[in-house]
Amino acid sequence: MTLALFAQLLVAGVLLGGVYALISIGLTLIFGVMRVVNFAHGELLMLGMYLSYYLVTAVHMNPYLALVVVAPALYLFGLLVEVTIIRSTIGRSDVVQVFATVGLSIVLQAGALMAFSANVVGINVPITNALVQLGPLSMGVPQLLAFAAAMLVASGLFVFLRSTDIGRAIRATAQDRSAAALMGINVAGIYRLTFGLGSAMTGLAGALLMPIYSVSPTVGEQFVLIAFVVVVLGGLGSVTGALVGGLLIGIVETFSGFVIDPQWKQAVYFLIFLGVLVFRPAGLFGARGSEELSTS
Amino acid sequence: MKRSTYGWLALALLALVGPLITDNSFIRDMWVLVAMWGAVATAWNLIGGYAGGLSLGHAAFFGIGAYTSSLLYTTFHISPWLGALAGGVLAMLSALVIGLITIRLRGPFFALATLAFAAILGIAATNLRWLTHGSEGMTIPFAPSMNNAIFASKLDYYYIALALLMVFIATTWWIARSRFGYYLVALRENEDAAQALGIDGLRVKLTATLLSAFMTALVGSFYAQYRLFFDPSIFATSLSVQIALFPIIGGLGTVWGPLIGAAILVPLTAELRSTLGSSVAGIDTFVYGTVLILGILFVPNGLVSVLRPLFVRRPRPADQNVQAGT
Amino acid sequence: MMQMFGFLRRAGAAAAVIALGTAPLSAAPQTIKVGAVFPFSGPLALLGQDSFDGANVALEMINAQGGVKGRKLEWVKADSPNAEAANSEAERLISQQNLKILLGSYASPIAIAASQVAERHHVIYWEQGAWTSALFNNHPKYVFRTNVYAVPAGIAAVHYAINVVAPKIGKDAKTLKVAIVNEDGPFGSSVANAEAAEASKLGVAVVSNLPYTASTNDLTSLVLKLKAADPDVLLATSYINDATLLVKTMRTQNFRPKAIIGGSAGFGLLALGKNLGADVNGISEADAPTNINPKGLPAAGQALHNEFIAKFKAATGREPDGFSYMGFVGAYSLFHDVLPKAKDPENADDIRNAAMAANVPEGTYPNGWGLKFDETGQNTRMFAAMLQWQSQAPVVVGPSSIAAGQPAMIPLPHW
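Chains as they are written, first to last, in the numbering used here: chain H, 1 to 296; chain A, 1 to 326; chain S, 1 to 415.
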């Protein structure tokens, strides 16, 4: 393998990792604070993609301007989901939590099929094909922007959790729900906010994916397992972990696809996933038993 | 006779003569599917309900059973009756490996690990074309005979599935009342406390997992012989979810819950698909998903909690479900 | 006891009717009901719906002409998103609805599952769009397929590489280097297998053979492997998502073989043009014919061609693609050229006899196909067309009788 080829693979892996980090941050936030493993995560992403698609094709909005509509819209949708479904699962068994969100994922997928049909649609505006050439390395502009957004979202969330009152309240709730309640924190309100924020970030991710991928009602399935792998690798609940985990999986996927075989690359990261669970179940950045939301 | 005795008699009679009422092939197919999924669900319930390990990878064992018996049959003409046993043993071996890795994981982590395990097998089944025919799938020639375990009549399949189901239910019933069953439930309710009392958690849970894997693989072989066609999608997450849904809807950690779940969900799915699915694509799964969410949220103890008074007056300790203890 | 049994029987039957719905109490003899086994939901729904829309134009056309032997045709739709659903839907159509004809399905696993059920019930299964090579593995008697499938399409792609591409880039079969990539589902694998077999038969070097999973998020590693193998021609069989991703990644990585020859599905769909814009131009593909030059058809064929396109557009508001044509041809050949010739159009053996006797010359149907079954049940008067994207629309460039244009952009210009 030449150096140029190695560098090209690395760059491609890092950029793909940026996409993976981006789609995982909302999932890890929601788990860290609420202990809810959201199996409907991929469908939130799908909704973000569709909304962005319609804003671009019907209203002729710039795909990156569409973010300012998609994120708030998904925030509101997240609130709706939290109030109607998620709230009733808090504090109940794993079975209720897992399968309520599995049910939600079925409903959203079927709803999307009814609303948008099975057509696979994508956007094609000049920026979706723009390239940046750096010596022998070439990068797609949408990928670069998604990577930048992943960094921004992660650091923004980091700062928000560290240095705002609401952020501290969220962390307190994540660490100990009952203690937080005793300290006068409105735990139900924090949960609602967290689920809304997590959904908004996922919607944002969806909008940023739209210039790269096509969307159809089942597109969530394509991403949701990777998002799980990333957050478990990084440590469920850790924002930094999602970032590092995303980058690692992206790099591993690209290199294993080249060195081993493209058709086995998914098996490789599932094996890594199992390995992490065996040797370090808390993930790279997860705190003890992955119970803590950490900004470490 | 007691009220409950009549209930049991009626049930036994229904199971034995129910499929004879009509020779309508679709309805007989429903009977076979209910017995078959009821059997898989009962197997899942051992680990998912009693041991509290929320497996989302049972399609792995199901698929191992289907592939093993079918490959032995189509390649070496080994009777699927033996092939099914081989598949069961292979499933136990794989359950041993994956069990050692995952058994100490709790809740969602266990679910995700088992899900990854089935996903890896699915990728392998697609890519090992020399062995599995890849995504073209396995086609078994229709050559009915007892030795081939292929039958022209659905009734034969039904009574085989029913026999599997009854054996599995009896096994569950026996476990639920045995010391082993109490260990399982104790571990599920409070693992640390149970370990402190001297229960070897790893061994007990592993035993349940191996048993569950063996049973699931047997039904996987049955499925292959019944449909005579399957492909790597037999390892799909959606199948694992489906398997887990039956006991969850019917009643987790109960002897009859898995069967009740299958008896409700199998016809419901088919009915929704046929009445709604042909009008607007997706509306049937939309309704199915909605029913699922409502069921999980509002009848968390499963339908068995609604039906139990018809059969049993007082619930037994080992027969209670998860929510009762948490 | 006997009374109780009788009660059970009645209760059971009543329960069955309540629980499982529509047992036909009075089967109306006027209509001939045909089961439509397609994936209307799930990941395969896009092309499932596309195929059915084509078939539906045929049904409405025949009904407008008075139906079959004076009897109207009617669909009984059965949503079959996967093989397991197809099994139980086929059972339902046959034993609940008492249908004698099932038409499907476009997707290979669904076709195999539904055709097996039909065969065992001695019911006709009429396939109009599935590409699998495994449909006739068990030598069924009542299973027919009207469409082109993986083997002829794969062969056509390789021949195009040798006969059209190679001379324009100064190569021949012995010096040409091809790479094969395919999505690893039944569709992509069977086309890729046919391509690999034909290439090796003709002595064409296959420098790389890379299957991948259609739901992949990234094809950079695959494209870099291809780039390292440096083929003259890329033979790619993909669905729409991955076809889009593949071409976009090739552009990003500046990998430009002298020709790209796709295999149906992703490379033939109009959505590819929308997704890729001008980058789609120059891509060729072996596919079921679509957008052919109607002047290549005899007068009757031209009339049917124009009528189909007009009615399809009116019904759906979009242009038909290769799958809609296959859907139409499958249904039209059955309703127009087989059922009316069957002694009893609801008797499987009569239909089978009429099908085996059918002798419709090529050029009769809107995509240039005809109807003549071989002993397995495969239509022999079908062929793969070579299309090429020119000015962001697929143009038929072969076979010459129905070609609407000439192959161009060989070798492909740089990105």
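Beta carbons: idealized from backbone N, C-alpha and C, even for Gly.
The way I'd put it, the stretch 211–231 of chain S does touch the stretch 168–182 of chain S; three or more beta-carbon pairs between them come closer than 8 angstroms. The C-alpha of S/GLY188 lies about 6 angstroms from the C-alpha of S/SER238.
Not one beta carbon of chain S lies nearer than 8 angstroms to the beta carbon of H/LEU10. Leaving aside the five residues that flank H/VAL252 on each side, the residues in its chain whose CB is nearer than 7 angstroms to its CB run, in chain order, VAL268, TYR269 and ILE272. With 16 or more other Cβ atoms from the protein chains shown falling within 10 Å of its own Cβ, H/PHE31 counts as buried. In this structure, the alpha-carbon of A/ALA149 lies about 16 angstroms from that of A/ALA217. By the 16-neighbour rule on beta-carbons within 10 angstroms, A/THR285 is buried. Cβ-Cβ separation between A/ILE169 and A/LEU259: approximately 7 angstroms, consistent with a contact (criterion under 8 angstroms).
Around the beta carbon of S/PRO167, fewer than 16 other beta carbons sit within 10 angstroms, so the residue counts as exposed. When 7 angstroms is used as the limit between beta carbons, H/GLN266 is near these residues of chain A: ILE123, in chain order. Secondary structure within the stretch 50–138 of chain A: the alpha helix (DSSP H) runs of 4 or more consecutive residues, fully enclosed, are 58–76, 80–102, 107–127 and 129–132 (chain order). Distance between S/PRO407 and S/GLY282, taken at the CA atoms: about 8 angstroms. Nearest CB-CB separation between S/GLY282 and chain H: not below the 8 angstroms threshold. Within chain A, no C-beta atom comes less than 8 angstroms from the C-beta of H/GLY250; the nearest is roughly 18 angstroms away. When DSSP states are grouped into helix, strand and coil, S/VAL143 belongs to the strand group. Cα atoms of A/PHE26 and A/ALA116: separation of roughly 35 angstroms, rounded to the nearest angstrom. Looking at the DSSP output, S/ARG71 sits in a beta bridge with S/VAL68.
Bounds of the beta strand (DSSP E) holding S/MET386 are 385–390. Sequence-distant partners of S/GLN128 (beyond 5 residues in either direction) whose C-beta falls short of 6 angstroms from its own C-beta, in its chain, are THR146, ASN147, MET326, GLY327 and GLY330. The beta carbon of A/MET92 is closer than 7 angstroms to those of LEU210, ALA213 and PHE214 in its chain, skipping five residues each way along the sequence. Contact of A/ALA281 with chain S by beta-carbon distance below 8 angstroms involves PHE40, SER41, ALA45, GLN49 and ASP79. Counting along the chain, H/TYR213 sits inside no alpha helix (DSSP H), nor does DSSP assign it H or E at all.
For H/ALA118, the chain S residues whose Cβ falls inside 7 angstroms of its Cβ are ALA45, LEU46 and GLN49, in order along the chain.
Scanning the stretch 136–194 of chain S from its first residue to its last, the whole alpha helix (DSSP H) runs of 4-plus residues come out as 150–160.
Counting only Cβ-Cβ distances below 8 angstroms, A/ASN127 has contacts in chain S at ASP184 and PRO211, in chain order. Every alpha helix (DSSP H) of 4 residues or more that sits fully in the stretch 173–260 of chain A is shown, in chain order, as 179–189, 191–196, 201–227 and 237–250.
According to the DSSP secondary-structure assignment, S/TRP126 is paired through a beta bridge with S/LEU103 and S/PHE144. Contact between the stretch 190–199 of chain A and the stretch 65–81 of chain A is absent: fewer than three C-beta pairs spanning the two stretches fall below 8 angstroms. Within its own chain, the residues whose Cβ lies closer than 8 angstroms to the Cβ of S/ASN138, once the five positions on either side in sequence are excluded, are GLN116 and GLU119, listed in chain order. For A/ARG177, no Cβ of chain S is located within less than 8 angstroms of the residue's own Cβ. Judged by DSSP secondary structure, S/PHE38 falls outside any alpha helix (DSSP H) and instead within the beta strand (DSSP E) spanning 32–38. Our two residues, S/THR364 and S/GLY370, have alpha carbons roughly 6 angstroms apart in a direct line. Note: S/GLU285 is bridge-paired with S/GLY262 and S/LEU387 in the DSSP secondary-structure output. Linking H/ILE25 to A/ILE283 through their CA atoms gives a straight-line distance of about 31 angstroms. With respect to the 8 angstroms criterion, A/ALA262 and A/LEU56 are not classified as neighbours on the basis of their beta carbons. Against chain H, a Cβ distance below 8 angstroms from A/ILE293 picks out ILE85, ALA100, GLY103, LEU104 and VAL107.
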